[in-house]
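Chains A and B are the protein sequences, given in the same order. Taking this note's numbering, the leading residue of the first sequence gets 105, the next gets one more, and so forth. Taking this note's numbering, the leading residue of the second sequence gets 371, the next gets one more, and so forth.
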Amino acid sequence: MKIYADNAATTKMSRTAVDAMLPYMDEIYGNPSSLYTFGQRAREALEDARGRIAACLGCEARELTFTSGGSEADNQAIRSAAALGARKGKRHIVSTAFEHHAVLHTLKRLEGEGFAVTLLDVYENGLVTPEQVRAAIRPDTCLVSVMYANNEIGTVQPVSEIGAVCREAGVLFHTDAVQAAGHLPIDVGPQNIDLLSLSAHKFHGPKGIGALYARRGVALTNLIEGGAQERGRRAGTENLPAIVGMAAALEESCAHLTENAVRISALRDRLIAGLAEIPHSVLNGDPAKRLPGNVNFCFEGIEGESLLLLLDDKGICASSGSACTSGSLDPSHVLLAIGRPHEIAHGSLRLTIGEETTEEEVEYLIEAVRDVVSYLRSMSPVWRDLESGKATHII
Amino acid sequence: MALYSEKVMDHFRNPRNVGTIENADGVGEVGNAKCGDIMKIYLKIRDGVIEDVKFETFGCGSAIASSSMATELIKGKPVSEAMALTNKAVAEALDGLPAHKLHCSVLAEEAIKAALKDYYDRQGVAYDPAQFPDCAHCEGCGR
Numbered sequence: 105m106k107i108y109a110d111n112a113a114t115t116k117m118s119r120t121a122v123d124a125m126l127p128y129m130d131e132i133y134g135n136p137s138s139l140y141t142f143g144q145r146a147r148e149a150l151e152d153a154r155g156r157i158a159a160c161l162g163c164e165a166r167e168l169t170f171t172s173g174g175s176e177a178d179n180q181a182i183r184s185a186a187a188l189g190a191r192k193g194k195r196h197i198v199s200t201a202f203e204h205h206a207v208l209h210t211l212k213r214l215e216g217e218g219f220a221v222t223l224l225d226v227y228e229n230g231l232v233t234p235e236q237v238r239a240a241i242r243p244d245t246c247l248v249s250v251m252y253a254n255n256e257i258g259t260v261q262p263v264s265e266i267g268a269v270c271r272e273a274g275v276l277f278h279t280d281a282v283q284a285a286g287h288l289p290i291d292v293g294p295q296n297i298d299l300l301s302l303s304a305h306k307f308h309g310p311k312g313i314g315a316l317y318a319r320r321g322v323a324l325t326n327l328i329e330g331g332a333q334e335r336g337r338r339a340g341t342e343n344l345p346a347i348v349g350m351a352a353a354l355e356e357s358c359a360h361l362t363e364n365a366v367r368i369s370a371l372r373d374r375l376i377a378g379l380a381e382i383p384h385s386v387l388n389g390d391p392a393k394r395l396p397g398n399v400n401f402c403f404e405g406i407e408g409e410s411l412l413l414l415l416d417d418k419g420i421c422a423s424s425g426s427a428c429t430s431g432s433l434d435p436s437h438v439l440l441a442i443g444r445p446h447e448i449a450h451g452s453l454r455l456t457i458g459e460e461t462t463e464e465e466v467e468y469l470i471e472a473v474r475d476v477v478s479y480l481r482s483m484s485p486v487w488r489d490l491e492s493g494k495a496t497h498i499i
Numbered sequence: 371m372a373l374y375s376e377k378v379m380d381h382f383r384n385p386r387n388v389g390t391i392e393n394a395d396g397v398g399e400v401g402n403a404k405c406g407d408i409m410k411i412y413l414k415i416r417d418g419v420i421e422d423v424k425f426e427t428f429g430c431g432s433a434i435a436s437s438s439m440a441t442e443l444i445k446g447k448p449v450s451e452a453m454a455l456t457n458k459a460v461a462e463a464l465d466g467l468p469a470h471k472l473h474c475s476v477l478a479e480e481a482i483k484a485a486l487k488d489y490y491d492r493q494g495v496a497y498d499p500a501q502f503p504d505c506a507h508c509e510g511c512g513r
C-alpha cells in the first residue's frame, strides 16, 4: 500500500498536463525566438499558454513572466519591489515570520544591502491580520509580502484585505501563492495584488516551472542576464513543454476548484478529527481558515523523523517540521512562529492530501499515525516523565 | 541512496534492549528535548560486568539506532570495556551515519558513560571526572 500524503511538497502530474506537454518535446520543438514558421508555432503555443494562465488569475497575459518556479518568482518579485523602492529612497519592507525561505532569505540579503525589514508576528492560529500590516507600514515602506497560504500549516491569510490596506497606503503588495494557486480562488484585480508567485508542480503541473504576475506598471528587475526572452525580464530559452503543461494543469485545477475543495476539505476534517483523538496532540493552524488538503499536528513526547520513517514503512509519504528532517538544529520556523516550543515542534507531522485521496486512505492514515505515535511514546523517556508526573504536559 | 544504512534501519525498526530496569545500578540521561533527542540508559551490573542494559530514547531514527547499538556493544562486557566505548565504534558498528547524524552516536556514548558515572557514584568508586564528557560542547541546547 502506498499513500501519498505530501501534496504540499509536490503533486502527481495530471494526465491532462502530461498529454499537453508531449507534442512540445518531439513535434513542435522549435525555439519560440526563431523567425521561421516552425519557431513561430512554438511562439504561438507560448503566448496561448500565457493567455490561459492569465485568465485563471484574472490578469492580462503581458503581466505574466515565466520563471523556473516559485522560489525564483519570489526572489524576483521582492528584488524588483526593493529596486523600485530604493529609487524613491524607500527602503523598508514588511513581511511575516512564517514566510517560505525563498522570501525570508531574500529579505535577509536585502537587510545586508541596507534595507530595513519588519517581520510581523503570527498569532497562534497562524494568521496575520490586515491591522497588523497597517500598523507596520511606514512612510518609507516600499513592499508588503504576505503569503497567500502557508506551506506547512496551511493557514489562508486575509489576502484581499491586506491588499486593500497596501493599495490605500500606496505600497506594493506581493503574495507568495505557491500553495494557493489551483486550490484557492485567485483574482488579482479585486484582491489588490501587485505581485504574485506561483509554481506548477503544486497543482499537478511539471516541476521546474513557475510564473510571476506583476501588475502593469510594476517594472521587474531581471535576475538572469542574457537574451531578450520574456520581454527582457527573464533571459533564457523558454521551457515550452513545461509552460504548456503548467497552463493545462492550472486550467484543469481551476475548473474543478470548488468541487475539489469541498470534497478534500471533508476528508481533511475527518483526518483532523481522527488525529485529535490521540491524547496530547494539537492541530497547528486555524481549523477552518486552512488549505483544503492540509493537516498539521504536533504530538507530545516523540520526534518527527522517527515518526516519518515508521510511517514510510507503512507506505505513507508525509513530512515533519522537526530539526532532524531539516538537517538543522532548529525545528520549523513556522511552528516556532506560532508559538510552539522547540520540544513540541520536533514532534510535528504534516499530511497534505489531494484529489486522489480516498476515505479508506484517511482511515488508514489515522490508524497508522495512532499506532506509530503510541509505539514511539512507549520508548520515549520524555513521555515517561510526562506520564509519571515528573514533567508537565504542555499540550 | 537511502538516508540510512541497512544496519541503522534494522536497529531503528527492531531496537534491541528497549525498556527500563527496576532497581538499576546506574542510570544516565543525556540530551535535551529542545534539541530533539534524549537518551536514557539503565544498567544492571554484577561483579564488574554489565549483566543487563536497557534504553529509552526520544529522537530521530539514528538516535534510536545508536542507542540500540550502543547497548548491544556493552551488554555482557566488563565495566572497563564499556568505559572505553567510543562514538566512533557505535557509528562504525552501524555501517556509518550521515555526517549531520554523527552527534547521535556521540550522544549514545555519553549516555552510557553517564550511566557508568552514576554507578561509580552509587558505589563510592573514585574516578577521574575528565573521563566523563558532559554535553556542554553541544551548542544546540542551553542545558
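Backbone N, C-alpha and C define an ideal beta-carbon position, used for all residues, glycine too.
- Nearest CB-CB separation between residue 491 of chain A and chain B: not below the 7 Å threshold.
- Counting every other CB atom within 10 Å of its CB across the protein chains shown gives residue 125 of chain A a total of 16 or more, marking it as buried.
- Residue 433 of chain B and residue 460 of chain B have their C-alpha atoms some 11 Å from each other.
- In the three-state DSSP reduction, residue 196 of chain A falls in the strand class (E or B).
- Residue 421 of chain B is classed as exposed because its beta carbon has fewer than 16 other beta carbons within 10 Å across all chains shown.
- DSSP places residue 323 of chain A outside both helix and strand once states are collapsed to three, so it counts as coil.
- Three or more Cβ pairs drawn from the segment 174-191 of chain A and the segment 275-291 of chain A lie within less than 8 Å of each other, which places the two stretches in contact.
- Under the DSSP assignment, residue 416 of chain B falls in the beta strand (DSSP E) whose first and last residues are 407-416.
- No Cβ of chain B is located within less than 7 Å of the beta carbon of residue 139 of chain A.
- DSSP places residue 425 of chain B inside the beta strand (DSSP E), whose first and last residues are 419-428.
- A direct Cα-to-Cα measurement between residue 425 of chain B and residue 161 of chain A gives close to 56 Å.
- Runs of alpha helix (DSSP H) with 4 or more residues, each lying fully within the segment 107-164 of chain A, are found at 119-125, 127-130, 141-161, listed in chain order.
- Here residue 286 of chain A is near residue 354 of chain A, since their CB atoms are less than 7 Å apart.
- Chain A places a beta carbon closer than 7 Å to that of residue 426 of chain B, counting this residue as a contact.
- In summary, residue 212 of chain A is exposed, with fewer than 16 beta-carbon neighbours lying within 10 Å of its beta-carbon over all protein chains present.
- Remark: fewer than three beta-carbon pairs, one from each stretch, lie closer than 8 Å, so the segment 358-376 of chain A and the segment 189-202 of chain A are not flagged as touching.
- Nearest CB-CB separation between residue 486 of chain A and chain B: below the 7 Å threshold.
- Under the three-state reduction of DSSP output, residue 289 of chain A falls in the coil class, being neither helix nor strand.
- For the segment 374-386 of chain B, the set of residues with a beta-carbon nearer than 9 Å to any beta-carbon of chain A comprises 374, 379, 382, 383, 385, in chain order.
- The CB of residue 450 of chain A comes closer than 8 Å to the CB of 403, 406 in chain B, given here in chain order.
- For residue 434 of chain B, the chain A residues whose C-beta falls within less than 7 Å of its own C-beta are 410, listed in chain order.
- Only residues of its own chain outside the window of five on either side were considered, and among them 198, 224, 248, 250, 266, 269, 270 have a CB closer than 8 Å to the CB of residue 237 of chain A, listed in chain order.
- Note on the segment 448-492 of chain B: whole alpha helix (DSSP H) runs with a minimum of 4 residues are 449-453, 457-463, in chain order.
- Here residue 465 of chain B has 375, 377 as same chain residues with Cβ atoms under 6 Å from its own Cβ, once five neighbours each way along the sequence are excluded.
- Residue state for residue 446 of chain A is assigned as helix, using DSSP reduced to three classes.
- For residue 318 of chain A, the enclosing beta strand (DSSP E) covers residues 314-318.
- Under a 10 Å Cβ-count criterion, residue 329 of chain A is classified as exposed, with fewer than 16 other Cβ atoms of the shown protein chains found around its own Cβ.
- Judged by beta-carbon spacing, residue 106 of chain A lies within the 7 Å limit of residue 419 of chain A, meaning their Cβ atoms are closer than that value.
- Straight across, the Cα-Cα distance linking residue 483 of chain A with residue 451 of chain A is about 14 Å.
- Taking C-alpha positions only, residue 350 of chain A is separated from residue 150 of chain A by approximately 11 Å.
- Contact between residue 214 of chain A and residue 186 of chain A holds, with the beta-carbon distance rounding to 5 Å and staying under 8 Å.
- Less than 7 Å divides the Cβ of residue 172 of chain A from the Cβ of residue 312 of chain A.
- The segment 411-426 of chain A and the segment 484-492 of chain A do not touch, with fewer than 3 CB-CB distances between them shorter than 8 Å.
- Around residue 392 of chain B, no beta-carbon contact reaches into chain A at under 8 Å, the shortest distance being about 13 Å.
- Those residues of the segment 422-438 of chain A placed with their C-beta closer than 9 Å to a C-beta in chain B are 426, 427, 428, 429, 431, 432, 433, 434, 435, ordered along the chain.
- For residue 417 of chain A, the chain B residues whose Cβ falls inside 8 Å of its Cβ are 383, in order along the chain.
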